[in-house]
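Here is the structure we will look at.
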Amino acid sequence: MSTHAATAQPSYLVDTGSRKGLMAWLTTTDHKRIGLLYLYAMSIFFLIAMGIGFVMRLVQLTSYQKLITAQTYNALFTVHGVIMIFLFVIPGLSAVFGNFFLPILIGAKDVSFPRLNLASWYFFMAGAILAVLSLFTGGGAPDTGWSFYAPFSLKTGTNVSLAVFAAFVLGFSSMLTGINFITTIHRLRAPGMHWFRMPLFCWAVYSTAWIQILATPIVAITLVLVILERFFGIGVFDPAKGGDPLLYQHLFWIYSHPAVYIMILPAMGAITEIIPTFAKRTIFGYKAIAFSSMAIAGVGSLVWAHHMFTSGMSGMALMLFSLLTMIVAVPSAVKVFNWVGTLYKGSIDFQPPLLFALTFIFLFCIGGLTGVMQGALAVNVHVHDTYFIVGHFHYVMFGGTGMAFFAALLYWFPKMWGRMYSKAAIYASWFPIFIGFNLLYFGMLILGLMGMPRRYYVHLPQFHTMHVVATVGSWFLVLGLLLFFGTLLYAILWGEKAEDNPWGGVTLEWSLPSPPIQENFEEIPTITHGPYEFERLEGKS
Amino acid sequence: MDWMNQAAISAQKSDAVFFYVFGLSVAFLIFITVLMIYFVIRYSKKRHPKAEQIEGHVGLEIVWTSIPLVLFLSIFYYGWTNYEYMSQAPRDAMAVKVTARQWSWSFEYPNGKQSKVLFAPLGKPMKMEVRSVDVVHGFFIPSFRLKIDAMPARTNTTWFQATKPGSYDIECTVICGVDHSLMLSKVIVVPEEEFKAWYFGGEEAPEPGKSFRTAEAHPDLQGLAPGLAVLTAKGCLACHSVDGKPKVGPTLKALYGKEEQILIAGVAKTIRVDDAYLRRFITNPMDQQVRGYPPAMPQTALTEQELNDVVRYIKTLN
Amino acid sequence: MSEHVEPASEHATEHPGYGTFIKVWLLLLILTGCLVGVSHLGQTYAVWGLLTLTPLKAGLVFYFFMHLKYEGPLFKVVVLVTLGTLLIFFALLFSDVAFH
Amino acid sequence: MSAEPTTKVTPSSLGPDSEGSPGASSVTQGSGHRDDYGSRLGMWLFLVTEMVLFGGLFIAYSYMRYRYPVEFHHGGGELNATLGVINTLVLLTSSLTVVLAIVAIQRSEKGRAMVFLGSTLVLGLTFLVIKSFEWGAKFHHGLYPNAPHLATLPPGEQVFFGLYFTMTGLHGLHVIAGLSVLSVMLWWVATDRIRQDRYIHLENSGLYWHLVDVIWIFLLPLFYLAA
Ligand code: HEA
Ligand code: HEA
Ligand code: CUA
Ligand SMILES: [Cu+2]
């Protein structure tokens, strides 16, 4: 590591241009800084949406129903869902860690279109601001749920138009990021970095980017149609004019199902980086994992109507979509097995990122397996639109994408800020997070089986006990999360200096100083071997 | 077996698939978790200082691709065939028109009879023709594991055959506006004769649901508290329990002094149950509606004395 | 970048001249004429015309005007993947509408 | 707005020192070298999103047409097929002039390139003018969404006109965007920012314009020849 002692270039955190401070950040085209811009913005949205989730749990205790009316509650879960989906999990890992590490991992100095990259961030912020504006203008916060089902979304007096437009702008940001990443991977790989030498995170980001550009435009146009419908009454979704609400549902889910794989693929990619580093061995089944990413992206685009099994589709469609849903679960299973296989005969250095990665696997499996239950037609008829679904998607989105986000943050933290956090505090936060999480969301699964519908302001008495359990779970979760974020925040500000390679990783980012220099590499490296070759490291030391 | 109030054939069909997937899931989850923990301990840095660089194993990849694939396909097949059964109504099913509107359900039977709660004969197939007059709603009977969306300008159908007499919740599952969570009703399953008596009876025919509930109630009025005697004699116990069990109407147990949401002319209000409320409600049940219950309580003539007894008795149930 | 499938940044082939494009344009005009003609023959013909001639016209624009002919395989794959995806969306959607 | 990000941003792949060395040995590294191929790839990926955007509308169209075959037939009868065909010819020709402009630039024939680009702009404007006459006529006849007259027609026809205005309207917006971008290109040709060794922006704008043309190629039979 001593080679870096004499680096000529300063760290990317130091302003060198003519602009200083905030302005330097807001006009930066450095992919690392843009990654951090996303991270900071996103953390704020995430905290707000979590706060709303917390309030929703209190409402279900029934003691707060005087403060929160039914209308407000409907607005709460809509806003909670919109923020979590469009402002957190969809851009999530791709925009933060993809931006920060994709160019580094393939040995490039930046993405292909750095200014477009900054523009994407501004689109993201514009969308976020519009979303917030929609809460306080027009008829008030939208109350339709994040899926904006027509014709309710056409008739409600709330400010659906602006919220939907916000989602459109956010979609635009997501597409531009996708275009940028695909081009970057095709054009900017370092000499010798051929496709199968890329770290698997890059494969994950690559397949995600393809979904981003192939699916997002569909939701963009769908949302435009909703706006046109509200302003001009074009009648495509409005049954009063001959339109068809089912068409809306199809178009919405054509995007929004693939979107769930936009959420999970980069998360899986991050996990695939973490496990080999702490097992000190090469990944098990490199190609299987790379291809399963592409397979998930491909088949994942073909299963959308499993969200509409009770909507009265034709029997043919029901059969096909249920079948395809089962098939899309296979590549996820392959990944899980390969991760576990990577632990086999490793030399495991147990550290916080690994703990969260393994937690990811456990929670994602529960989420995925409940997904498979929902995919079986006979079961779906019962659990559709109940808390079982709510439980499922919190397991995959929070237990999956969220935990992977945390794991990735812990893993790359020393690289990004050049500082180290307190491991003991992180371990301590894990227990309340894990216990709280399962009380909260397993409680929801049980509620769903009992027949508790989702998006209910008040529940029938037989559901009360489980609701209390879930709410208590959310309190544990808060406790853990506050400790977790507090620890990291403290470390960013006052943490001790981190080494260049604290975990003994072998991918390219660990060959850089912490934090990395402005253009990543003094000299573009020439790649002569695969991404996870740990013997080479051993040979050296 | 009575898993979560299983009360129709569709529920048995759905639960069978559920248990199949659930069993597989638990097995795989335990297997993966245990293996993970075992590896982390067995191959920790201390116990296993030097990692072996295993790049993969084609055979294993094939195994763990094809076994899940086969299992998933079997889940699909089982789920699909059982669903086919759950969704295809037999020819002789009685067709009931279910109409959803913001925010209530109504049911119309082939002979034109209408009701706010759904009456169904035990062991006979009933076909539901579900429509909506405004936005999308969801017609859901948890105990039957049955759900179908109510779409505007389109009729969706499903069917059930109840296997247990009783009263079961109907809930709306698709967000449809501010009172989405109040869009509830009941399905009341009674023996066929009783259903027929109502169905073929004229306007005055008593609503079904008495027999299985009067069986629970005390037949002998002697020695009962005066209020309870009135409740029994006037048939209130057909719909109300005094022990906390929900029936068609809310239980009378611990009712007094409770805070409740009621709807007056469609507007939700929170009130505390007191003497005046009880009297008003019993004498004019249609003027207001308790959240979560269909507006199905008939007006019953009670003397002032009976009314006093009833109210006093309800107070004693706290 | 050694094993790259993509060609280097310059156009590998010779640039086509004015003539090629004018010929393609003439062909496009003729095809449009055919399409209009065919659509007068009745509903079935019109639909068949739509399904065959229109993609053909679009293909010509893609292939010549948009220079796909002169690009490496990557761009062709990109276009094919896109069209394939759309086609599958259509097909799966019609598994619902067409079997009601 | 749609075309702008890509076209505007492509210069960023041209670093400060990119002018001199088109044939640099290692193709593309960092921000130091110009990557025309990468720019074109980016543009094509952007076109992918445009294709899918309109693809969504075509999906909606075919769904509805399947539901209301007769009404769509009637609706198509209300449209002016002649204007539709003329507009097709106009757009096809404008597409031709754009490629010819590129050929001209490749041959360093600046004057010709400007004439070709100019004709494209004129043809594009012609298209918009014809279009506006057409829309005007529809409005005159009360055939627009929410019009009292339209509400009396069968539901399927209301959907037809809803889709007609949405799809031609969105296409029209793309024409306007394309024209704006091409005007900038004309200016850049005039000021020699686009020249024989450096015309990637013109090429990308051309790609965009052709796609707009292709979309119209589909709109013609779907709406105007549907009857
Ligand atoms: C990160 C997001 C994410 C992910 C990854 C997934 C993954 C999956 N989802 Fe989920 N889903 C959502 C987010 C996600 N989902 C959301 C947000 C909704 C609700 C939207 C709304 O209505 O608001 C939803 C709803 C939803 C529904 C609709 C429910 C309904 O409304 O009726 C269905 C139905 O099929 C479904 C299925 C699946 C399946 C089969 C997978 C599969 O990809 C899972 C694959 C993984 C595994 C299977 C686990 C690992 C495998 C093994 C351990 C192998 C061994 C197992 C066996 C052999 C059984 N999901
Ligand atoms: C990544 C996505 C994500 C995440 C992480 C979460 C996190 C949480 N969600 Fe969310 N949820 C969704 C995505 C997500 N949700 C979506 C998409 C829906 C569907 C919406 C719809 O129906 O349209 C939904 C719906 C949903 C419902 C169903 C509403 C209904 O149908 O009636 C509920 C109910 O309890 C809920 C609760 C929670 C809770 C308690 C958390 C907890 O995990 C939160 C834990 C954290 C805390 C408890 C706070 C910790 C931080 C602080 C305390 C900081 C303090 C900050 C402030 C006070 C501002 N969510
Ligand atoms: Cu009706 Cu929800
Ligand atoms: Cu899905």
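Residue numbers (the working numbering), protein chains in the order written: chain A, 1 to 541; chain B, 1001 to 1318; chain C, 2001 to 2100; chain D, 3001 to 3227.
Backbone N, C-alpha and C fix where the C-beta goes; we use that ideal spot for every residue, glycine too.
- Going by the CB atoms, is the gap between Gln9 (chain A) and Ile524 (chain A) shorter than 8 Å? One-based indexing of the first sequence puts residue 524 (chain A) at position 524. One-based indexing of the first sequence puts residue 9 (chain A) at position 9. No, the pair does not count as a contact, with Cβ atoms beyond the cut-off.
- Message: List, from N- to C-terminal side, the alpha helix (DSSP H) runs of 4 residues or more that fit wholly inside the segment 3125-3174 of chain D.
- Response: 3148-3151
- Task: Anything with a beta carbon under 6 Å from a heavy atom of ligand 4 counts; list them all in chain order.
- Result: For ligand 4, the selected residues are A:His257, A:Val260, A:His306 and A:His307.
- Return the residues of the segment 1043-1067 of chain B that lie within a Cβ-Cβ distance of less than 8 Å from chain A, sorted by chain order. Tyr1043, Ser1044, Lys1045, His1048, Pro1049, Lys1050, Ala1051, Glu1052, Gln1053, Ile1054, Glu1055, Gly1056, His1057, Leu1060, Glu1061, Trp1064 and Thr1065
- Could you pull out every residue in the same chain whose Cβ sits closer than 7 Å to the Cβ of Gly243 (chain A), ignoring the five residues on either side in sequence? Within the first sequence, numbered from 1, the residue matching residue 243 (chain A) stands at position 243. For Gly243 (chain A), where only same-chain residues beyond five positions count, the Cβ hits under 7 Å are Gly235, Val236 and Phe237.
- Assigned exposure category for Gly375 (chain A) - 16 Cβ within 10 Å defines buried: For this step, residue 375 (chain A) is matched to residue 375 along the first sequence. Counting every other CB atom within 10 Å of its CB across the protein chains shown gives Gly375 (chain A) a total of 16 or more, marking it as buried.
- Query: DSSP puts Ser1161 (chain B) in a beta bridge; with which residues?
  - Reply: Counting from one through the second sequence, the residue named residue 1161 (chain B) turns up at place 161. Reading the sequence as shown, one finds Gln at residue 1161 (chain B) and not Ser. Paired residue(s): B:Pro1125.
- Task: Keeping to the same chain, check which residues put their C-beta closer than 6 Å to that of Val1310 (chain B); ignore five residues upstream and five downstream.
- Result: One-based indexing of the second sequence puts residue 1310 (chain B) at position 310. Only Gly1227 and Val1230 meet the Cβ criterion.
- Task: Measure from the alpha carbon of Thr310 (chain A) to the alpha carbon of each residue in B:Thr1158, B:Leu1263 and B:Pro1285, then state which is nearest.
- Result: In the first sequence, the residue the question calls residue 310 (chain A) occupies position 310. If we check each option's Cα against that of Thr310 (chain A), B:Thr1158 comes out closest.
- Item | Validate contact between the segment 198-207 of chain A and the segment 95-106 of chain A using beta carbons, cut 8 Å, 3 pairs | Yes, since at least three Cβ pairs between the segment 198-207 of chain A and the segment 95-106 of chain A fall closer than 8 Å, the two stretches touch.
- What are the partner residues of Pro1110 (chain B), as DSSP defines its beta bridges? Counting from one through the second sequence, the residue named residue 1110 (chain B) turns up at place 110. Under the DSSP definition of a beta bridge, Pro1110 (chain B) lacks any partner.
- Item | Extent of the continuous beta strand (DSSP E) to which Arg1272 (chain B) belongs | Sequence index remark: in the second sequence, residue 1272 (chain B) carries index 272 (1-based). Unbroken beta strand (DSSP E) run through Arg1272 (chain B): Val1267 to Arg1272.
- Message: With a threshold of 7 Å (Cβ to nearest heavy atom), would Leu2056 (chain C) be considered close to ligand 2?
- Response: Taking the first residue of the third sequence as 1, we reach residue 2056 (chain C) at position 56. Leu2056 (chain C) Cβ: outside cutoff for every heavy atom of ligand 2.
- Message: Let me check you understand the geometry: is the CB of Val332 (chain A) closer than 7 Å to at least one non-hydrogen atom of ligand 1?
- Response: Numbered from 1 along the first sequence, position 332 holds the residue referred to as residue 332 (chain A). The residue you asked about is not Val; residue 332 (chain A) is Ser in the sequence shown. Yes, the Cβ of Ser332 (chain A) comes within 7 Å of a heavy atom of ligand 1.
- Message: Less than 8 Å between CB atoms is the rule here; does Phe3160 (chain D) satisfy it with respect to chain C?
- Response: Looking up residue 3160 (chain D) in the fourth sequence gives position 160. Taking CB atoms only, Phe3160 (chain D) has no neighbour in chain C less than 8 Å away.
- Message: Check whether chain A comes within 8 Å of Asn1111 (chain B), counting only Cβ atoms and requiring the distance to be less than that.
- Response: Start at 1 with the first residue of the second sequence, and residue 1111 (chain B) comes out as number 111. Chain A contact via Cβ: absent.
- Report yes if the C-beta of Val1017 (chain B) is less than 7 Å from at least one heavy atom of ligand 1; otherwise report no. The sequence position of residue 1017 (chain B) within the second sequence is 17, counting from 1. Not so, every heavy atom of ligand 1 lies at least 7 Å from the Cβ.
- Message: According to DSSP, is Arg419 (chain A) part of a helix, a strand, or is it coil?
- Response: Mapped onto the first sequence, residue 419 (chain A) falls at position 419. Three-state result, Arg419 (chain A): strand.
- Query: So what's Val1252 (chain B) in DSSP terms, helix, strand or just coil?
  - Reply: Numbered from its first residue, the second sequence carries residue 1252 (chain B) at position 252. Per the sequence presented here, residue 1252 (chain B) reads as Leu, with Val not at that position. Correct three-state label for Leu1252 (chain B): coil.
- Gln1288 (chain B) (DSSP reduced to helix, strand or coil): Stepping through the second sequence from its first residue, residue 1288 (chain B) is reached at position 288. Strand, per DSSP.
- Query: The alpha helix (DSSP H) with Phe1139 (chain B) in it runs from where to where?
  - Reply: Numbered from its first residue, the second sequence carries residue 1139 (chain B) at position 139. For Phe1139 (chain B), there is no enclosing alpha helix (DSSP H); the residue is part of the beta strand (DSSP E) that begins and ends at His1137 to Ile1141.
- Give me the Cβ distance between Ser2039 (chain C) and Leu320 (chain A), rounded to the nearest whole Å; I'm assuming they're in contact under 8 Å. Here residue 2039 (chain C) refers to the residue found at position 39 when the third sequence is read from its first residue. Here residue 320 (chain A) refers to the residue found at position 320 when the first sequence is read from its first residue. Wrong, their Cβ atoms sit about 33 Å apart, outside the cutoff.
- Query: Can you tell me the Cα-Cα spacing of Ala119 (chain A) and Gly127 (chain A), whole angstroms?
  - Reply: Here the question's residue 119 (chain A) lines up with position 119 in the first sequence. Here the question's residue 127 (chain A) lines up with position 127 in the first sequence. Between Ala119 (chain A) and Gly127 (chain A), the C-alpha separation is close to 12 Å.
- Query: Between Tyr1277 (chain B) and the rest of its own chain, which residues show a CB-CB distance below 7 Å, the 5 nearest in sequence each way excluded?
  - Reply: Indexing the second sequence from 1 puts residue 1277 (chain B) at position 277. Here Tyr1277 (chain B) has Ile1271 as same chain residues with Cβ atoms under 7 Å from its own Cβ, once five neighbours each way along the sequence are excluded.
- Message: Quick test of your reading: Ile147 (chain A) and Phe45 (chain A), contact by CB under 8 Å. State the CB separation rounded to the nearest angstrom.
- Response: Working through the first sequence from its first residue, we reach residue 147 (chain A) at position 147. Working through the first sequence from its first residue, we reach residue 45 (chain A) at position 45. First, the amino acid is wrong: residue 147 (chain A) is Ser here, not Ile. Wrong, their Cβ atoms sit about 19 Å apart, outside the cutoff.
- Are there 16 or more other CB atoms within 10 angstroms of the CB of Phe3133 (chain D), so buried, or fewer, so exposed? Taking the fourth sequence and counting its residues from 1, the one referred to as residue 3133 (chain D) is at position 133. Label assigned to Phe3133 (chain D): exposed.
- Message: Whole angstroms are fine: how far does the CA of Thr78 (chain A) sit from the CA of His1218 (chain B)?
- Response: Position 218 of the second sequence, counted from the start, is the residue given in the question as residue 1218 (chain B). Position 78 of the first sequence, counted from the start, is the residue given in the question as residue 78 (chain A). At His1218 (chain B) the pLDDT is 41, less than 50, meaning the model places this residue with poor confidence; the figure from the coordinates comes in the next sentence. Straight-line Cα distance between these residues: approximately 49 Å.
- Where Phe1119 (chain B) falls: helix, strand or coil (DSSP): By 1-based counting over the second sequence, the position of residue 1119 (chain B) is 119. Three-state result, Phe1119 (chain B): strand.
- Task: Report the rounded CA-to-CA distance for Cys1176 (chain B) versus Glu1108 (chain B), giving the unit in angstroms.
- Result: As a working mapping, residue 1176 (chain B) is identified with position 176 in the second sequence. As a working mapping, residue 1108 (chain B) is identified with position 108 in the second sequence. Going by the C-alpha atoms only, they are around 22 Å apart.
- Message: DSSP three-state label for Val551 (chain A), please.
- Response: Summary: the structure shown does not reach residue 551 (chain A), with chain A confined to residues 1 through 541, and so no result is reported for it.
- Task: Let me know if Gln351 (chain A) comes out buried or exposed under the rule of 16 or more other beta-carbons within 10 Å of its beta-carbon.
- Result: Locating residue 351 (chain A) in the first sequence gives position 351, where the first residue counts as 1. So Gln351 (chain A) counts as buried.
- Take the Cβ of Arg3065 (chain D) as the centre, count every other Cβ of all protein chains shown within 10 Å, and call the residue buried at 16 or more, exposed below. Within the fourth sequence, residue 3065 (chain D) is the residue found at index 65, counting from 1. It counts as buried.
- Closest residue to Ile254 (chain A) among A:Ile271, A:Gln212, A:Pro239 and A:Ile275 (Cα-Cα distance): Residue mapping note: residue 254 (chain A) aligns to position 254 of the first sequence, counting from 1. Residue A:Gln212 is the option with its Cα nearest to Ile254 (chain A).
- By a C-beta neighbour count over all protein chains shown, 10 Å radius and 16 as the cutoff for buried, is Met23 (chain A) buried or exposed? Residue 23 (chain A) sits at position 23 when you count from the first residue of the first sequence. Counting Cβ neighbours within 10 Å, Met23 (chain A) comes out exposed, since fewer than 16 surround it.
- Roughly how many angstroms separate the alpha carbons of Tyr3208 (chain D) and Leu3047 (chain D), rounded to a whole number? For the purposes of this step, residue 3208 (chain D) is identified with residue 208 of the fourth sequence, where counting begins at 1. For the purposes of this step, residue 3047 (chain D) is identified with residue 47 of the fourth sequence, where counting begins at 1. The alpha-carbon atoms of Tyr3208 (chain D) and Leu3047 (chain D) are separated by roughly 7 Å.
- If we cut at 8 Å on Cβ distances, does His2040 (chain C) have a partner in chain A? As a first step, residue 2040 (chain C) must be located in the third sequence, where it is residue number 40. With 8 Å as the cut-off, His2040 (chain C) does not count as an interface residue toward chain A.
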